[in-house]
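>
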Amino acid sequence: MEKSEATTIEVAETSRERKGKAPLLAAPVPADHHAKAAGNKRGVAIFDLILRISAAAAALGATIAMGTAEQTLPFFTQFFQFQASYDDLPTFSFFVIAMAIVTAYLVLSVPFSIVCIVRPVAAAPRLLLILCDTLAVTLATSAGGAAAAIVYLAHNGNSDANWLAICQQFTDFCQRVSGAVVGSFITVALLIFLVVLSAIALKKH
Numbered sequence: 001m002e003k004s005e006a007t008t009i010e011v012a013e014t015s016r017e018r019k020g021k022a023p024l025l026a027a028p029v030p031a032d033h034h035a036k037a038a039g040n041k042r043g044v045a046i047f048d049l050i051l052r053i054s055a056a057a058a059a060l061g062a063t064i065a066m067g068t069a070e071q072t073l074p075f076f077t078q079f080f081q082f083q084a085s086y087d088d089l090p091t092f093s094f095f096v097i098a099m100a101i102v103t104a105y106l107v108l109s110v111p112f113s114i115v116c117i118v119r120p121v122a123a124a125p126r127l128l129l130i131l132c133d134t135l136a137v138t139l140a141t142s143a144g145g146a147a148a149a150i151v152y153l154a155h156n157g158n159s160d161a162n163w164l165a166i167c168q169q170f171t172d173f174c175q176r177v178s179g180a181v182v183g184s185f186i187t188v189a190l191l192i193f194l195v196v197l198s199a200i201a202l203k204k205h
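With the UniProt record's numbering applied, the sequence shown corresponds to residues 1 to 205, in that order.
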C-alpha cells in the first residue's frame with residue numbers, strides 16, 4: 001500500500017510539472033484583422049497622395065510667384081528708373097532654387113505614393129518617402145524662413161540698420177514675394193503632415 005501511494009503521488013506531481021511547463025499557444029490572428037489593417041493603410045496612402053499633390057501645387061506656386069517678382073517704378077525719363085527684382089537679393093534667388101527642388105521632388109514622389117496605395121503593407125517605399133519628406137521639410141523651411149525675414153524688412157524696414165521700407169513704393173513686388181513666402185509655409189505644413197502620415201502608415205497593427 002505504501003508503494004502504491006508513493007507511485008500515485010509521483011505520477012500526480014509529474015503530471016502537474018508537465019502541465020505547468022506546457023507551452024502556451026498564441027491565438028491565431030484572424031484574416032479579417034489583416035485585411036482591415038491593409039485597408040486602413042491604403043486609406044492613409046490615398047490621403048498621402050492628395051496632400052502630396054497639394055504640396056507640389058503650393059511649392060510650384062511659390063516658385064513661380066517669387067521667380068516672376070519684378071517691378072519698375074514709372075518716371076518721366078527712361079534713363080532714370082527704380083527697379084526691384086527677386087534676383088537682386090541672394091536670399092530670394094536661393095528661395096527660387098530651393099522651392100524648385102522641393103517641387104521637383106514632390107512631383108517625382110507621386111509614383112512612390114501610388115505604389116503605397118497598390119501595396120499598402122510594403123515598408124520600403126514608405127521609409128524612402130518619410131526620409132525624403134523630412135529633407136524636403138528642412139529645405140523648404142530654410143528657404144521660407146530666410147525669405148520671410150527679407151519680406152519683413154521690405155514691409156517695415158529697420159531704422160537701426162538704415163534699412164528703408166520699400167513696399168510703399170514697390171507694392172506689386174512686395175505682394176508677389178509675400179505670396180511666395182505664404183506658399184512656402186503652406187508647403188512646409190503639408191510636408192509635415194506627410195511625415196506624420198508616413199509614420200502612422202509604418203505603425204504595426
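Where is the CB? At the ideal position from N, CA and C, for every residue including glycine.
How would you call residue 273, buried or exposed, if buried means at least 16 neighbouring beta carbons within 10 angstroms?
Outside the displayed span of the chain (1 to 205) sits residue 273, for which this structure offers no information.
> Work out the CA separation of residue 86 and residue 71 for me, nearest whole Å.
The straight-line gap from Cα to Cα measures roughly 10 angstroms.
> Grouping DSSP H, G and I as helix and E and B as strand, with all else coil, what is residue 193?
Three-state result, residue 193: helix.
> Give me the Cα-Cα distance between residue 116 and residue 56, rounded to the nearest whole angstrom.
Their Cα atoms are separated by approximately 18 angstroms.
> Mind the definition here: the region 173-190 touches the region 51-65 only if three or more C-beta pairs lie below 8 angstroms; say whether that holds.
Yes, the region 173-190 touches the region 51-65.
> Give every residue of the same chain whose Cβ lies closer than 6 angstroms to the Cβ of residue 141, excluding the five residues on either side of it in the sequence, and list them in chain order.
Correct list, in chain order: 188.
> On a Cα-Cα basis, can you pick out the residue from 48, 166, 123 that is closest to residue 109?
When each option's Cα is compared against that of residue 109, the closest is 48.
> According to DSSP, simplified to helix, strand and coil, what is residue 72?
Residue state, collapsed to three classes: strand.
> In angstroms with no decimal places, state the Cα-to-Cα distance between residue 89 and residue 114.
Near 39 angstroms, if we compare the C-alpha coordinates of residue 114 and residue 89.
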